[in-house]
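Contents: one structure, followed by commentary.
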Amino acid sequence: MTHNTPVALVTGANQGIGLQISRELASNGFTVLVGSRNLERGESAAEEVEGDARAIQLDVTDHLSITAAAQRIRSEFGRLDVLVNNAAISNTRWEPGMSIEEYARTILPSVVSFDEMRAVWETNVFGPLAVFQAMVPMLREAPHANIVNVSSGAGSLTMNSDSANSHRPMYTPVYAGSKTGLNAMTLAMAIELEEEGIKVNAVDPGFTRTNLNKYAGTSTVEEGAREAVRLALIGPDGPTGTFSSVNGQVPW
Ligand code: NAI
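Okay, so the sequence shown: first residue is 1 according to the UniProt record's numbering, each after it adds one.
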């Protein structure tokens with residue numbers, strides 16, 4: 001049986017930008033699957049969404065969880081039209097009371113812990129690729145499918161190559177490097193799916209007030225979700241293989 005409204009899966013959607021993306025896709029007529037590592041948290045988040053939103057257990061670092069989610073989507077809905085790879089972590093070792101500068105000194109290339117780097121890349125790079133692999137057979141069957149990878153300007157090689165960029169010292173192998181990795185995955189996915197008409201784009205939400213930055217961000221989640229929602233809703237004539245924010249194209 002095929003569900004009669006389009007279905008969107010948003011990873012890491014129990015809070016922050018992912019929850020806001022879910023709200024907006026639901027208000028645009030999607031059945032939204034609110035991905036959450038913890039099902040109960042996903043269920044409370046889904047209840048906050050007006051429209052058709054349902055929680056789905058999904059840990060992007062756990063292959064069993066990803067496979068189970070794909071099987072559930074296939075058997076319950078028979079379709080998937082939009083995938084938003086939103087889940088991410090910024091670190092695992094930022095101790096309370098540590099300033100961002102202190103933490104940044106612990107993740108310079110000369111001293112970075114491989115465990116820290118692997119944990120962040122597992123969630124931010126391999127996770128989206130693993131979810132993509134599990135979901136792409138259903139996306140290929142959809143009348144028109146879009147994939148949005150929630151990246152960050154922090155991962156821009158071009159911006160970080162500019163010695164005038166004051167955020168440059170934050171370009172380290174952990175979070176920023178992982179977003180460069182996600183950008184590479186985005187382009188590779190877009191190239192593979194170009195002929196099939198499936199659009200794959202990366203977005204930079206901007207510095208948004210969420211748990212990721214201990215609510216230090218300056219934009220609202222509504223602003224942070226806007227570009228991802230725009231690209232989740234583009235039609236067959238929309239772009240693919242782009243990296244953008246609400247302010248336009250972001251250099252790779
Ligand atoms: P957040 O911390 O509120 O949300 C991240 C979500 O990912 C949470 O729901 C968390 O539970 C989930 N998550 C973490 N590990 C997971 C895993 N293994 N499996 C499934 N879910 C997992 O932060 P925010 O800001 O809403 O982040 C959303 C996206 O926006 C992320 O990709 C982040 O890198 C990106 N971003 C955020 C910026 C900001 O200023 N807040 C700036 C640039 C990019």
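Using N, Cα and C, we set each Cβ at its ideal position, and we do this for glycine too.
Buried or exposed: Leu25, going by 16 or more other Cβ atoms within 10 Å of its Cβ?
Numbered from its first residue, the sequence shown carries residue 25 at position 25. Looking at its Cβ environment, which holds 16 or more other Cβ atoms inside 10 Å, Leu25 is buried.
Distance check for Val246 and Asp62, CA to CA, integer angstroms please.
As a working note, residue 62 is residue 62 in the sequence shown. As a working note, residue 246 is residue 246 in the sequence shown. About 32 Å.
Cα-Cα separation between Pro239 and Gly97, rounded to whole angstroms
Position 239 of the sequence shown, counted from the first residue, corresponds to residue 239. Position 97 of the sequence shown, counted from the first residue, corresponds to residue 97. Going by the C-alpha atoms only, they are around 43 Å apart.
Distance between beta carbons of Gly181 and Trp121, contact taken as under 8 Å:
For the purposes of this step, residue 121 is taken as the residue at position 121 of the sequence shown. For the purposes of this step, residue 181 is taken as the residue at position 181 of the sequence shown. At roughly 6 Å, the Cβ-Cβ gap stays under 8 Å, so Trp121 and Gly181 are in contact.
Report the CB separation of Leu212 from Leu139 in whole angstroms; it is logged as a contact under 8 Å.
As a first step, residue 212 is located in the sequence shown; it is residue number 212 there, counting from the start. As a first step, residue 139 is located in the sequence shown; it is residue number 139 there, counting from the start. At roughly 26 Å, the Cβ-Cβ gap does not stay under 8 Å, so Leu212 and Leu139 are not in contact.
If we require 4 or more residues per run, which alpha helix (DSSP H) segments fall completely within the segment 118–151?
Positions of the alpha helix (DSSP H) runs, each at least 4 residues long and wholly inside the segment 118–151, are given as 127–141 in order along the chain.
Are at least three pairs of beta-carbons, each pair with one atom in the segment 145–154 and one in the segment 54–73, less than 8 Å apart?
Counting Cβ pairs under 8 Å, fewer than three are found: no touch.
Selected residue, minimal CA-CA separation from Leu231, among Val84, Met159, Glu195, Gly18
Along the sequence shown, one-based indexing puts residue 231 at 231. The shortest C-alpha separation from Leu231 is found at Val84.
Against chain C, with Cβ distances strictly below 8 Å, would His3 count as a contact?
In the structure shown, chain C does not exist; there is a single protein chain.
Pick out whichever of Ser113, Ile17, Thr242, Glu48 has its Cα sitting closest to the Cα of Ile198.
Here residue 198 refers to the residue found at position 198 when the sequence shown is read from its first residue. Checked all of Ser113, Ile17, Thr242, Glu48; the closest Cα to Ile198 is Thr242.
When we look at the beta-carbon of Asn38 and count the other beta-carbons within 10 Å, is it buried (16 or more) or exposed?
For the purposes of this step, residue 38 is taken as the residue at position 38 of the sequence shown. Here Asn38 is exposed: its Cβ has fewer than 16 other Cβ atoms, across all protein chains shown, within 10 Å.
For the beta strand (DSSP E) containing Val246, list its first residue and its last residue.
By 1-based counting over the sequence shown, the position of residue 246 is 246. Segment: none, Val246 is in no beta strand (DSSP E) and carries neither H nor E.
Under 6 Å Cβ to Cβ from Ala154, same chain only, skipping five residues before and after it: list those, please.
Here residue 154 is taken as the residue at index 154 of the sequence shown, counted from 1. If you ignore the 5 residues before and after Ala154, its C-beta comes within less than 6 Å of the C-beta of Ala176, Lys179, all in its own chain and listed in chain order.
For the ligand NAI, I want to know if Leu233 counts as a neighbour, meaning its beta carbon is within less than 7 Å of at least one of the ligand's heavy atoms.
As a position in the sequence shown, residue 233 is number 233, starting the count at 1. Distances taken from the Cβ of Leu233 to the heavy atoms of the ligand NAI include none shorter than 7 Å.
Alpha-carbon to alpha-carbon, Ile66 and Asn86:
Residue mapping note: residue 86 aligns to position 86 of the sequence shown, counting from 1. Residue mapping note: residue 66 aligns to position 66 of the sequence shown, counting from 1. Near 14 Å, if we compare the C-alpha coordinates of Ile66 and Asn86.
Best match in Leu58, Ala68, Gly78, Val82 for proximity to Gly29 [C-alpha to C-alpha]:
Walking along the sequence shown from the start, residue 29 turns up at place 29. If we check each option's Cα against that of Gly29, Val82 comes out closest.
Alpha carbon to alpha carbon, how far is Gly206 from Val7? Give it in angstroms, no decimals.
One-based indexing of the sequence shown puts residue 7 at position 7. One-based indexing of the sequence shown puts residue 206 at position 206. Cα atoms of Val7 and Gly206: separation of roughly 26 Å, rounded to the nearest angstrom.
Taking the alpha-carbon positions, what's the Glu76 to Leu108 distance?
Here residue 76 refers to the residue found at position 76 when the sequence shown is read from its first residue. Here residue 108 refers to the residue found at position 108 when the sequence shown is read from its first residue. Looking at the backbone, the Cα of Glu76 and that of Leu108 are separated by about 46 Å.
Across which residues does DSSP place Leu80 in a beta bridge pair?
Your numbering for residue 80 matches position 80 in the sequence shown. The secondary-structure analysis by DSSP pairs Leu80 with nothing; it has no beta-bridge partner.
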